[in-house]
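These protein sequences, in sequence, are chains A and B.
Numbers 1049 to 1308, taken from our numbering, label the letters of the first sequence in order.
Numbers 1049 to 1308, taken from our numbering, label the letters of the second sequence in order.
Glycine included, C-beta positions come from ideal geometry on N, C-alpha and C.
Values in this document were obtained by computation on a predicted structure and should not be read as measured data.
This report concerns only the one structure given below.
Number of protein chains: 2
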Amino acid sequence: MKRKPNILVSNDDGIEAPGLQRLVEELNSFANVYVSAPYRQQSAVGHSITIFYPLRTYEHMKDGKFFGIAVEGTPADAVKIGVLHFFKDVKFDLVVSGINHGANTAINIIYSGTVSAATEGTILGIPSIALSLTTFSKVDFIDASKIATKIVKQIWDDDDIKIHEGTLLNINIPNVPADEIKGVKITKQGKSYWEDAFEVRADPNGRDYYWLTGKMVYKDESTEFDIAAVKENYVSITPLHYDLTDYSTYEETKNWKLNK
Amino acid sequence: MKRKPNILVSNDDGIEAPGLQRLVEELNSFANVYVSAPYRQQSAVGHSITIFYPLRTYEHMKDGKFFGIAVEGTPADAVKIGVLHFFKDVKFDLVVSGINHGANTAINIIYSGTVSAATEGTILGIPSIALSLTTFSKVDFIDASKIATKIVKQIWDDDDIKIHEGTLLNINIPNVPADEIKGVKITKQGKSYWEDAFEVRADPNGRDYYWLTGKMVYKDESTEFDIAAVKENYVSITPLHYDLTDYSTYEETKNWKLNK
């Protein structure tokens, strides 16, 4: 039997979010769990870090006991300060971010604070996993936490599974009862995107303000893509990395004739 | 001779930043320039968008004339609302973000608001370019704006150059006199990274707060990487994309045995 892994848990919905709370309860069954998460909700922050202001932190208590570090900052801040400062004597085996309330598939990945926390774990050299439940409805995260934990445990236990340096896993769990989930699919980031618009409103003083609105344009029919896999009730696992170089056009670009 | 292109300019240093102001002056020499940029500095915001709050905007004036839209939001917000709302009748040929005060090479790319603005342009289907000057010293951006504009104009003029859908260009300009620049290199995102730490200070009430500090660990010797190319006085151009799928591990990952 393998030793208990040390897992840092973070998220972007904030330390009190049920998705994180339920996940920590489940992960405790096989792991030493440490929590460093944003103090409040930080959705759609992308991969931000706080450099112009200092960070404030609080010891977050639960049932009269220390639960984790709440960080007045972004998901990436929370992971950085958790690993490098508050729990610096812990050798972390995994960073797990989530469970996010809402899908992080297709274009949403690049705006995602949940994925950002896992990306930061990867940057710090720790195998990292982002977890999301693909619904915005009110849910209790009980089934999702069990499914997520089972998968995280398999990844830890199986010697044939290795998360390579520089890679993170982006896992999306469909919001259906456990027995309706068809299985696990390894996927690619989908091509679906938002058709955005701005809704103009006037404040009580007659000045305009703008709400971003949008509808998803669905471009992925094949379950080889994340968004389609979860639609078909598969748990979707996408290996991601943060080398943004577009190698598919790199060679062509090298032939451009450009003068300084 | 080609028609004048329509260019949307944005940045992350704010609409009054000299890097943007000088760039707009130069681009005006061959293009119709529209500006939609953050109201104030937004560095290290990553690819954030504002969804929980409405956006406020201001008409920014310069020398008594309309200069552009200042957005109380992120670089991605500014590009979105510029393209989709304020200048929605303009068919944009390019989105240009910058000139950023500081390099956006290697790991810095993923935290970069400058790159984020160009990414958003690409998402909106417009060929997009991020521009950065690789120094934090006080500079006037005059040489950099001329070099940047010359390159943007070549890209526009040359029928053999095509920025493919989904690709953006990340351009870093070394901070040396124009005649010391050796040329243009097409590069890959470097592997250099920050060795971060947190410095703890106590406020006047004795409560701790934390400053992120770090030093760059230089891992790129070859000028095929962005950070090394600018160090050797080349203008670095890296084609980037926002498909984060790690194709290098995708096939291996498909062989994992995971149960739901």
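Using the C-alpha atoms, what's the distance from residue 1166 of chain B back to residue 1211 of chain B? Taking the CA atoms as reference points, residue 1211 of chain B sits about 12 angstroms from residue 1166 of chain B.
Cross-chain neighbours of residue 1311 of chain B in chain A, by beta carbon under 7 angstroms: Since the displayed chain B opens at 1049 and closes at 1308, residue 1311 of chain B lies outside it and no answer follows.
Taking the alpha-carbon of residue 1214 of chain B as reference, which of A:1295, A:1184, A:1175 and A:1116 has the nearest alpha-carbon? Closest in C-alpha terms to residue 1214 of chain B, from the list A:1295, A:1184, A:1175 and A:1116, comes A:1295.
So residue 1183 of chain B contacts chain A; which residues on that side make the cut at Cβ distance below 8 angstroms? Simply none; closest approach about 17 angstroms.
For residue 1179 of chain B, which residues of its own chain have a beta-carbon under 6 angstroms away from its beta-carbon, when the five flanking residues on both sides are left out? Once the five neighbours on either side are set aside, the close Cβ partners of residue 1179 of chain B are 1146, 1147, 1196 and 1219.
Please state if the CB of residue 1216 of chain B and the CB of residue 1170 of chain B are separated by a distance shorter than 7 angstroms. Between residue 1170 of chain B and residue 1216 of chain B, the C-beta spacing is below 7 angstroms.
If you run the structure through DSSP and keep just helix, strand and coil, what is residue 1081 of chain A? Looking at residue 1081 of chain A - three-state DSSP - the assignment turns out to be strand.
Residues within the segment 1174-1205 of chain A neighbouring chain B, beta-carbon criterion of under 8 angstroms: Per Cβ criterion, the list reads 1195, 1198, 1199, 1202 and 1203.
Contact belief for residue 1192 of chain A with residue 1126 of chain A at Cβ below 8 angstroms, rounded distance in angstroms: Contact between residue 1192 of chain A and residue 1126 of chain A is ruled out by a C-beta separation of about 21 angstroms, above the 8 angstroms threshold.
Go ahead and label residue 1235 of chain A buried or exposed: buried means 16 or more other beta carbons lie within 10 angstroms of its beta carbon, across all protein chains shown. Using a 10 angstroms sphere on the CB of residue 1235 of chain A, the tally of other CB atoms reaches 16 or more, which defines it as buried.
Secondary structure of residue 1101 of chain A, DSSP reduced to three states: Correct three-state label for residue 1101 of chain A: coil.
Give, in chain order, every unbroken run of the alpha helix (DSSP H) that is at least 4 residues long and sits entirely within the segment 1051-1080 of chain B. You should have 1066-1075.
Report the residue from B:1300, B:1240, B:1291 and B:1078 whose alpha carbon sits nearest the alpha carbon of residue 1276 of chain B. Nearest C-alpha to residue 1276 of chain B: B:1240.
Which residues of chain B have a Cβ atom closer than 9 angstroms to the Cβ of residue 1284 of chain A, listed in chain order? Simply none; closest approach about 11 angstroms.
For residue 1282 of chain A, does the three-state DSSP call read helix, strand or coil? For residue 1282 of chain A, the secondary structure class from DSSP, reduced to helix, strand or coil, is strand.
Run of the beta strand (DSSP E) containing residue 1243 of chain B, from where it starts to where it stops: Run containing residue 1243 of chain B: 1241-1250, per the beta strand (DSSP E) assignment.
With 8 angstroms as the limit, tell me which residues of the segment 1091-1107 of chain A have their beta carbon closer than that to any beta carbon of chain B; keep them in chain order. Closer than 8 angstroms at the C-beta level to chain B, one finds these residues of the segment 1091-1107 of chain A: 1091, 1092, 1093, 1094, 1095, 1096, 1097, 1098, 1099, 1100, 1102, 1103, 1104 and 1105.
Contact between the segment 1118-1125 of chain A and the segment 1157-1164 of chain A: three or more CB pairs below 8 angstroms? Under the 8 angstroms Cβ criterion, the segment 1118-1125 of chain A counts as touching the segment 1157-1164 of chain A, having at least three qualifying pairs.
What residues of chain B sit near residue 1079 of chain A, judged by a beta carbon separation below 7 angstroms? Using a Cβ-Cβ cut-off of 7 angstroms, residue 1079 of chain A is close to nothing in chain B; its nearest Cβ partner there is about 18 angstroms away.
Along chain A, which residues have their Cβ under 8 angstroms away from the Cβ of residue 1164 of chain B? When 8 angstroms is used as the limit between beta carbons, residue 1164 of chain B is near these residues of chain A: 1094, in chain order.
Length-filtered (4 minimum) alpha helix (DSSP H) runs lying within the segment 1094-1152 of chain A: The segment 1094-1152 of chain A contains these whole alpha helix (DSSP H) runs: 1123-1129.
How about residue 1219 of chain B: is its C-beta nearer than 7 angstroms to some C-beta of chain A? Cβ-Cβ to chain A under 7 angstroms: no for residue 1219 of chain B.
Residue nearest to residue 1267 of chain A in terms of C-alpha spacing, selected from A:1260, A:1245, A:1237 and A:1257: Comparing Cα-Cα distances from residue 1267 of chain A to each of A:1260, A:1245, A:1237 and A:1257, the minimum goes to A:1237.
What's the C-alpha gap between residue 1202 of chain B and residue 1103 of chain A? If I take the Cα positions, the gap works out to 44 angstroms.
Please tell me whether residue 1237 of chain A has its Cβ less than 7 angstroms away from any Cβ of chain B. For residue 1237 of chain A, the answer is yes, since a Cβ of chain B falls inside 7 angstroms of its Cβ.
Who are the near neighbours of residue 1250 of chain B in its chain, counting only those whose CB is closer than 7 angstroms to its CB and skipping five residues on each side? Result list for residue 1250 of chain B: 1256, in chain order.
One question on the structure: do residue 1083 of chain A and residue 1055 of chain A come within less than 7 angstroms of each other, judged by their Cβ atoms? Going by C-beta atoms, residue 1083 of chain A is not nearer than 7 angstroms to residue 1055 of chain A.
Less than 7 angstroms separating the beta-carbons of residue 1067 of chain A and residue 1149 of chain A? By the CB criterion at 7 angstroms, residue 1067 of chain A and residue 1149 of chain A fall inside the cutoff.
Looking at residue 1209 of chain A and residue 1292 of chain B, is the spacing between their C-beta atoms short of 7 angstroms? No. Outside cutoff.
So with Cβ pairs under 7 angstroms, would you call residue 1222 of chain A a contact of chain B? Not a single C-beta of chain B is nearer than 7 angstroms to the C-beta of residue 1222 of chain A.
Can you check DSSP and say which residues form a bridge with residue 1273 of chain B? BP columns for residue 1273 of chain B point to B:1236.
Are there 16 or more other CB atoms within 10 angstroms of the CB of residue 1286 of chain B, so buried, or fewer, so exposed? Classification of residue 1286 of chain B: buried, given that the 10 Å Cβ count is 16 or more.
Sorted by chain position, which residues of the same chain lie with C-beta nearer than 8 angstroms to residue 1053 of chain A's C-beta, five sequence neighbours on each side aside? Closer than 8 angstroms at the Cβ level, and outside the excluded window around residue 1053 of chain A, lie 1078, 1079, 1080, 1141, 1142 and 1204.
Specify, as a first and last residue, the run of the alpha helix (DSSP H) that residue 994 of chain B falls within. The structure shown does not extend to residue 994 of chain B, since chain B is modelled only from 1049 through 1308, so no value can be given for it.
Other residues of its chain near residue 1174 of chain A: CB distance less than 8 angstroms, five sequence neighbours each side excluded: Excluding positions up to five away in sequence, the list reads 1056, 1131, 1140, 1141, 1142 and 1143.
7 angstroms is my cut-off, CB to CB: does residue 1273 of chain B come that close to chain A? Under the 7 angstroms criterion on CB atoms, residue 1273 of chain B is classed as non-interfacial with respect to chain A.
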